[in-house]
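Right, one structure below, let's go through it.
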Amino acid sequence: MSILGTRVVRTEDPRLLTAGGTYTDDLRLPELAGALRVTFVRSPVAHAGITAIDTGAALAAPGVAAVLTAADLAGLPPAGDQPVTEPLLASGRVRYVGEPVAIVLTEDGYQGEDAAELVSVDYEPLTPVAGVDTALAGQSLLFPGTSSNVVGSGGQPAPAGAFGGCDVVVGRTFPNQRVAPVPLEVRAAAARWANGRLTLWASTQNAQQARDAVAAALGLDQPAVRVVTPDVGGGFGAKIATDRDTTAVAWAARQVGRPVRWVETRHENLLGMVHGRAQQHTIRIGGTRDGRILAYHLDIVQDCGAYPRFGLFLPTLTQLMASGVYDLPYCGSSYQVVVTNTTPVSAYRGAGRPEATAAIERAVDLFAAEIGMDPAEVRRRNLIPAEAFPYTTPGGAVYDTGRYEAALDKVLAAAGYPELRAEQARRRERGDVAQLGIGLSCYVEITAGDYSGGETSRLMVDSTGAATVYAGSSPHGQGHQTAFAMLVSAELGIPMDRITVRHGDTDEVPRGVGTYGSRSLQLGGSAVHQAAQDVRDQARGLAAKMLEASEADLELDVSHGTWMVRGDPDTALGWAAVAGQAGPGGLVADVDFRPASPTFPFGAHLAVVQVDTETGRVTLLRHVTVDDAGRVLNPVLAEGQRHGGIAQGVAQALLEEVRYDADGNPLTGTLADYAAITATGLPSFELVEMETPTTVNPLGVKGIGEAGTIGATPAALNAVVDAVAHLGIRHIDMPATPLRVWTAINEARARS
Amino acid sequence: MTVNGADVAADVEDRTLLVHFLREVAGLTATNVGCDTTSCGACTVLLDGESVKSCTVLAAQADGHDVVTAEGLAGPDGELHPVQRAFRAEHGLQCGFCTPGMVLAAVSLLRENPQPTEEQVRTGLEGNLCRCTGYHNIVRAVLTAAKDMAAEPAEVAR
Chain S
32 MSILGTRVVR TEDPRLLTAG GTYTDDLRLP ELAGALRVTF VRSPVAHAGI
82 TAIDTGAALA APGVAAVLTA ADLAGLPPAG DQPVTEPLLA SGRVRYVGEP
132 VAIVLTEDGY QGEDAAELVS VDYEPLTPVA GVDTALAGQS LLFPGTSSNV
182 VGSGGQPAPA GAFGGCDVVV GRTFPNQRVA PVPLEVRAAA ARWANGRLTL
232 WASTQNAQQA RDAVAAALGL DQPAVRVVTP DVGGGFGAKI ATDRDTTAVA
282 WAARQVGRPV RWVETRHENL LGMVHGRAQQ HTIRIGGTRD GRILAYHLDI
332 VQDCGAYPRF GLFLPTLTQL MASGVYDLPY CGSSYQVVVT NTTPVSAYRG
382 AGRPEATAAI ERAVDLFAAE IGMDPAEVRR RNLIPAEAFP YTTPGGAVYD
432 TGRYEAALDK VLAAAGYPEL RAEQARRRER GDVAQLGIGL SCYVEITAGD
482 YSGGETSRLM VDSTGAATVY AGSSPHGQGH QTAFAMLVSA ELGIPMDRIT
532 VRHGDTDEVP RGVGTYGSRS LQLGGSAVHQ AAQDVRDQAR GLAAKMLEAS
582 EADLELDVSH GTWMVRGDPD TALGWAAVAG QAGPGGLVAD VDFRPASPTF
632 PFGAHLAVVQ VDTETGRVTL LRHVTVDDAG RVLNPVLAEG QRHGGIAQGV
682 AQALLEEVRY DADGNPLTGT LADYAAITAT GLPSFELVEM ETPTTVNPLG
732 VKGIGEAGTI GATPAALNAV VDAVAHLGIR HIDMPATPLR VWTAINEARA
782 RS
Chain H
9 MTVNGADVAA DVEDRTLLVH FLREVAGLTA TNVGCDTTSC GACTVLLDGE
59 SVKSCTVLAA QADGHDVVTA EGLAGPDGEL HPVQRAFRAE HGLQCGFCTP
109 GMVLAAVSLL RENPQPTEEQ VRTGLEGNLC RCTGYHNIVR AVLTAAKDMA
159 AEPAEVAR
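From first to last, the protein sequence lines are chains S and H. Numbering-wise, the working numbering comes out as the position in the first sequence, counting from 1, plus 31. Numbering-wise, the working numbering comes out as the position in the second sequence, counting from 1, plus 8.
Below, the structure is given as structure tokens:
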């Protein structure tokens with residue numbers, strides 16, 4: 032029996048459970064001996080000109096080796112195209128609270144915090160731009176030389192007549208609020224220069240892209256930079272490549288001529304690391320009274336924060352997935368991207384796709400409420416049928432495989448949908464304080480959206496019979512070591528404990544793309560799989576020569592990892608013997624796997640909540656999901672990704688929100704203020720299995736890292752609204768906090 | 009103080025936090041720092057057998073006391089503590105950053121309440137954030153550990 036598809040516990044875990052991982056701030060390397068500690072001086076105001084910086088008092092403080100400001104940046108390449116540029120340290124103007132203004136280098140970390148307080152910066156206040164409406168009004172501009180705060184736009188308004196045949200049209204504007212990724216490990220880096228070459232240790236999701244970004248920012252040739260990724264304590268998109276803070280750490284080490292290390296505080300992390308989502312949606316949905324949706328339009332205003340990073344592109348992913356799982360005669364979208372005096376926005380688990388799903392799944396419920404039809408039935412009547420695949424959407428996506436109605440049926444059956452509705456009816460009839468809400472979402476998403484970049488793998492089998500995988504994709508908790516070793520073991524019969532997986536050091540793995548967008552198994556895993564097949568083919572030739580047999584007569588006994596003449600165990604040769612014949616390097620295969628298209632996982636989520644109608648408190652009672660991401664390599668890992676995704680999705684629906692006041696001051700700058708979800712906020716999840724393979728890659732797999740998040744948010748929010756729908760409530764903005772729910776209930780009661 | 013059974017002594021600044029003492033002086037880096045408001049629990053250690061957040065204890069306060077970190081939980085022969093074993097078996101960790109603190113919080117929880125319900129486990133771990141697992145498998149792991157430890161009571165002593 033193949034190891035593929037079986038529940039293999041992780042080989043990563045014994046080390047993480049005993050010694051703990053080696054995260055960037057845990058490094059105790061001789062190369063970093065005597066490293067100075069980096070402390071950033073960050074802007075305390077959202078929008079201001081910098082008129083003077085006095086570093087004198089800081090320089091005189093104990094342990095201070097240097098204080099660096101924008102004045103020291105001379106000689107670096109331009110920081111982007113004028114007039115919208117993002118320098119390493121604020122130059123003349125600050126645009127968000129938390130923006131790096133200066134760097135203090137000290138012998139130890141406590142001294143750094145003391146000295147940073149002594150850097151005196153004179154700020155000349157400018158009118159802050161907080162919120163997309165203020166940004167669009169354009170009274171205050173972030174970048175001199177521009178005429179508006181709009182930095183991107185696209186799409187078309189709905190054409191005249193798009194909603195013409197509809198009996199019913201519903202429209203609404205609501206936020207997909209800004210949230211913080213909150214990886215448990217904050218950002219951290221260490222840097223050392225030797226002989227003109229930089230070594231940068233950084234907590235990143237992809238060392239190779241980090242190397243390229245840092246080289247470009249510092250004006251270096253790529254070979255002059257080595258990036259090493261130690262263990263990474265979570266990323267969720269926010270640690271893709273690198274950012275200005277990390278690059279500034281590398282630069283600071285060059286400026287002072289000593290190794291340096293940096294780990295931020297959580298407060299800095301909540302202000303300085305990218306945020307996610309931050310879209311405002313205006314939806315319009317129309318159809319017939321018998322439940323057929325005929326037209327849907329989504330208009331997006333993306334708040335990309337103070338500087339356009341990946342936030343500039345998020346709405347295009349939202350547009351691509353706007354029509355969701357539905358076969359719609361008309362679906363269109365349009366967007367604008369604005370800059371505001373807030374933390375920059377970038378990828379966060381799902382990156383543009385959760386927003387698309389949240390919008391259309393809320394819209395479908397609004398439509399269902401308007402026509403008075405069960406939301407499950409409305410969905411069923413509009414799903415893309417199984418026989419329609421591959422299916423090209425109005426947005427131009429080509430969905431590879433899907434069984435959307437089967438997913439919906441499975442989740443309804445597993446949840447006991449009719450009984451839930453009956454219980455809801457009983458509670459409504461009795462007028463219970465604790466009302467029940469049932470929320471659905473059907474989703475499809477795109478994974479390996481940047482499939483064309485592919486992923487690399489090198490596999491070596493040495494003369495001891497051990498295998499080493501050099502993977503272009505490095506993990507931050509996903510379990511690559513286990514997954515990739517399983518793929519090699521399944522193909523070659525080499526035991527798991529004789530397979531090493533290496534990644535994340537650009538000298539060892541110069542070419543690679545990384546872990547994001549739910550791409551690692553389908554691209555990186557396929558590369559490992561093909562490398563194993565290549566090694567197997569090479570070994571067949573060698574073994575044939577050794578056994579003086581024809582290749583066609585040879586077989587590999589995968590259960591023992593031995594080559595033999597078919598049916599003759601006496602001829603068995605182990606991997607050590609065969610690889611020993613391959614020359615000093617052993618057997619080697621290099622694969623750059625590039626599929627022809629991305630993949631489109633799908634599923635259905637059903638959330639059951641209880642709402643206390645006196646306090647507005649929401650309790651998630653159950654969360655039932657079908658998440659079909661094609662073949663499952665290791666259910667343990669796939670379930671773990673679903674669990675984590677569901678939690679983050681529910682958290683956005685019910686709890687989490689990065690908030691600013693009207694002056695751009697952050698109100699959620701600590702974990703005491705930002706409501707990261709805890710164990711008490713969640714139930715155990717009910718996962719339903721479903722596997723619809725893709726033909727896009729040899730493993731038949733799609734991505735599973737983000738699916739849970741994408742499905743969970745609208746299901747949970749729809750459940751909250753459903754719980755109070757009988758009071759005349761059609762919508763509540765996310766997050767559905769007790770205050771928001773309580774307010775909605777009171778307003779509804781006042782109306783009736 | 010003793011850390012994982014060994015004496016550790018050093019002169020440090022009076023403001024030195026226990027977590028920094030463990031990481032920078034004792035050289036034990038399994039104990040992580042995840043926040044600055046005592047919210048996340050990544051720095052949880054056992055102080056005289058009870059879980060504390062070592063970011064909110066001064067090193068000086070631990071003077072003369074007994075500290076156990078994740079490095080000190082397994083047996084001398086490297087045998088995993090039942091809670092560590094259960095975390096592995098139930099996939100109760102992904103990136104591993106919250107894990108040392110989470111495991112120690114669970115050990116402390118099970119000492120106080122050897123047979124907790126799921127709800128009691130969730131309440132007991134409310135002060136420890138995990139961003140990867142959605143807590144599902146962490147809760148499973150703690151319940152499994154409780155069952156295992158009841159079956160092998162000798163383990164509880166450790």
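Ideal placement from N, C-alpha and C gives every residue a C-beta, glycine not left out.
Chain-ordered, the chain H residues with CB closer than 8 Å to the CB of S:G675 read Q102, R139, C140, T141, G142. Every alpha helix (DSSP H) of 4 residues or more that sits fully in the region 227 to 279 of chain S is shown, in chain order, as 238 to 249. Residue state for S:G731 is assigned as coil, using DSSP reduced to three classes. Exclusion of the five residues before and after S:V76 leaves Y154 as the residues of its chain whose Cβ lies within less than 6 Å of its Cβ. Only residues of its own chain outside the window of five on either side were considered, and among them G355 have a CB closer than 6 Å to the CB of S:I391, listed in chain order. Note on geometry: alpha-carbon atoms of S:L47 and S:L467 lie some 41 Å from one another. Residue nearest to S:V376 within the set S:A211, S:P629, S:D659, S:E476 is S:A211 (criterion: CA-CA distance).
The region 676 to 685 of chain S makes no contact with the region 43 to 60 of chain S; the number of CB pairs closer than 8 Å stays below 3. The alpha-carbon separation between S:R384 and S:A570 amounts to approximately 44 Å. Separation of the CB atoms of S:P421 and S:V429 is rounded to 5 Å, and the pair is thereby assigned contact status at 8 Å. Of all alpha-carbon atoms in S:E722, S:G617, S:H654, S:V256, the one lying nearest the alpha-carbon of S:N665 is that of S:E722. With contacts defined by Cβ atoms closer than 8 Å, S:I402 and S:G317 do not form a contacting pair. In the DSSP annotation of this structure, H:T131 is not part of any beta strand (DSSP E); the continuous alpha helix (DSSP H) holding it starts and ends at 126 to 132.
At a cut-off of 8 Å, the C-beta of H:S59 has no neighbouring C-beta in chain S. Residue pairing for S:W224: DSSP places it in a beta bridge opposite S:L229. Only those residues of the region 691 to 720 of chain S whose C-beta falls short of 8 Å from the nearest C-beta of chain H are listed: T701, L702, A703, A707, T709, A710, T711, L713, S715, F716. Taking a cut-off of 8 Å on C-beta distances, the region 366 to 382 of chain S touches the region 292 to 310 of chain S, as three or more cross pairs fall below it. Taken through DSSP and simplified to helix, strand or coil, S:H636 comes out as strand.
Residues of the region 278 to 300 of chain S with a Cβ closer than 8 Å to any Cβ of chain H, in chain order: V294, T296, R297, H298. The Cβ-Cβ distance between S:Q253 and S:A246 falls below 8 Å. Here S:V181 really is in contact with S:V369; their C-beta atoms are around 6 Å apart, less than 8 Å. In summary, the residues of the region 205 to 218 of chain S whose CB is separated from some CB of chain H by less than 7 Å are V213, P214, L215, E216, in the order they occur in the chain. About 6 Å separates the Cβ atoms of H:L25 and H:L66, confirming a contact at the 8 Å cut-off. Residue contact check for H:L112 against chain S: no CB pair falls below 8 Å. Those residues of the region 494 to 518 of chain S placed with their C-beta closer than 9 Å to a C-beta in chain H are P506, H507, G508, Q509, G510, ordered along the chain. Secondary structure at S:D463: coil, using DSSP grouped into helix, strand and coil. Within the same chain, P769, W773 come within 7 Å of S:T646 by CB-CB distance, once the 5 residues on both sides are set aside.
Between the beta-carbon of S:A407 and that of S:L471 there is about 6 Å, and that keeps the pair under the 8 Å contact cut. Look at the beta carbons and you see the region 267 to 277 of chain S touching the region 212 to 230 of chain S: at least three pairs across the two are nearer than 8 Å.
Annotated as distal: H:L151 and H:C106, with beta-carbon spacing of 8 Å or more. If you look at S:H654, you'll find it isn't in any alpha helix (DSSP H); it sits in the beta strand (DSSP E) that goes 649 to 659. Cβ contact annotation for S:E720 (same chain, cutoff 6 Å, sequence separation greater than five): none. Note on S:A738: 16 or more other CB atoms within 10 angstroms of its CB, so buried under the neighbour-count rule. The C-beta of S:G381 has 16 or more other C-beta atoms within 10 Å across all chains shown, which makes the residue buried. In terms of Cβ geometry, S:G202 and S:I324 do not form a close pair [threshold 8 Å]. Each residue's CA atom was taken as its position, placing S:E486 and S:T537 some 14 Å apart.
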